[in-house]
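In our numbering, the protein residues as written are 72 to 361. Even for Gly, the Cβ is constructed at its ideal location relative to N, Cα and C. None of the values given here were measured: they were computed from a predicted structure. Contents: one structure, followed by commentary.
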């Protein structure tokens, strides 16, 4: 990509009058217990949270457990195998696309699902809708999705720079120009030719899909729909001749992992936007409220 755009909408909400309730009913009476949301939500400054999560993501290979190898080894073997045959796969994919008009028509539509305005817009729309209808879970999903997308964007940007893999649309040959050779993409001549690995659209689509799927996993159709659409976005990057299949696989895996981690880590996070000192304790003038 010639330009990497990181999109994230920040919404400032006044933090007053936020209470959770628990209703206890007996045969003769009903008792309503109210308590501040601080008893439920964990406050954390957005900047600190972001830095901690980036450190966690980049150091995650050092915390691999034995049980993780059950899926990491097959994934690594599959990716390595596909990478060996990437050129042949790309050739046959383009051949298949040229012979089937429905692929030509559907591919550019699906690939839009990984664009920054689309994934960022969906997460923002979810947050605003949740705010409007007072649905805390929907607000939480939108906020976590937006936050996760920013983290994914940073990860994929760095990896693209380090790898410097040539896109298939250049000449159909899989070549690598790792850092610092990858900096040639900024010389005004080679554009984004060496930013193929991993797929940015795939990581974005899978990050968003995973957050939504995890939040609404009790409604079985939602995970199925989300992961199907994300898979379509990833595959469309190969039919659009923008990425090798292995680029899409790695991008998808990263998006899935980041999305899972963000939902697990931030289900009970209340992000502070503007920290200030007041009364001997850290206070805020605006927050994200989940």
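- Unbroken alpha helix (DSSP H) run spanning residue 127, endpoints: Looking up residue 127 in the chain shown gives position 56. First-last of the alpha helix (DSSP H) with residue 127: 117-130.
- How about residue 238 and residue 127: are their beta carbons less than 9 Å apart? Taking the first residue of the chain shown as 1, we reach residue 238 at position 167. Taking the first residue of the chain shown as 1, we reach residue 127 at position 56. No, the Cβ-Cβ distance between residue 238 and residue 127 is not below 9 Å.
- Message: Taking 8 Å as the limit between beta carbons, can you name the residues of its chain near residue 143, skipping five residues before and five after?
- Response: Translated into the one-based positions of the chain shown, residue 143 becomes position 72. Result list for residue 143: 135, in chain order.
- Task: Could you check which residue in 227, 283 and 131 has the C-alpha nearest to that of residue 193?
- Result: Within the chain shown, residue 193 is the residue found at index 122, counting from 1. The candidate whose alpha carbon is nearest that of residue 193 is 283.
- Item | For residue 218, the first and last residue of its enclosing alpha helix (DSSP H) | Start at 1 with the first residue of the chain shown, and residue 218 comes out as number 147. Element bounds for residue 218: 207-234.
- Please work out which residues of its chain come closer than 6 Å, Cβ to Cβ, to residue 311, disregarding the five sequence neighbours upstream and downstream, and give them in chain order. The sequence position of residue 311 within the chain shown is 240, counting from 1. Taken in chain order, the residues that qualify are 178 and 182.
- Message: On a Cα-Cα basis, can you pick out the residue from 163, 180 and 120 that is closest to residue 300?
- Response: Position 229 of the chain shown, counted from the first residue, corresponds to residue 300. Taking only the C-alpha atoms, the option nearest residue 300 is 180.
- Rounded straight-line distance, which links the Cα of residue 297 to that of residue 122: In the chain shown, residue 122 corresponds to position 51, counting from 1. In the chain shown, residue 297 corresponds to position 226, counting from 1. Distance between the alpha carbons of residue 122 and residue 297 is about 28 Å.
- Query: Is residue 242 buried or exposed, if buried means 16 or more other CB atoms sit within 10 Å of its CB?
  - Reply: If you number the chain shown from 1, residue 242 lands on position 171. Burial call: exposed.
- Please name the residue, chosen from 201, 285 and 117, that lies closest to residue 332 on a Cα-to-Cα basis. As a first step, residue 332 must be located in the chain shown, where it is residue number 261. The shortest C-alpha separation from residue 332 is found at 285.
- Message: Spatial neighbours of residue 212 within its chain, please: C-beta separation below 7 Å, excluding the five flanking residues on both sides.
- Response: Stepping through the chain shown from its first residue, residue 212 is reached at position 141. Taken in chain order, the residues that qualify are 197, 282, 283 and 286.
- Nearest-angstrom Cα distance between residue 337 and residue 323? As a position in the chain shown, residue 337 is number 266, starting the count at 1. As a position in the chain shown, residue 323 is number 252, starting the count at 1. Whole-angstrom Cα-Cα distance: 21 Å.
- Do you know offhand how far residue 244's Cα is from residue 231's? On the chain shown, position 173 is the one that residue 244 refers to. On the chain shown, position 160 is the one that residue 231 refers to. For residue 244 and residue 231, the distance between alpha carbons rounds to 17 Å.
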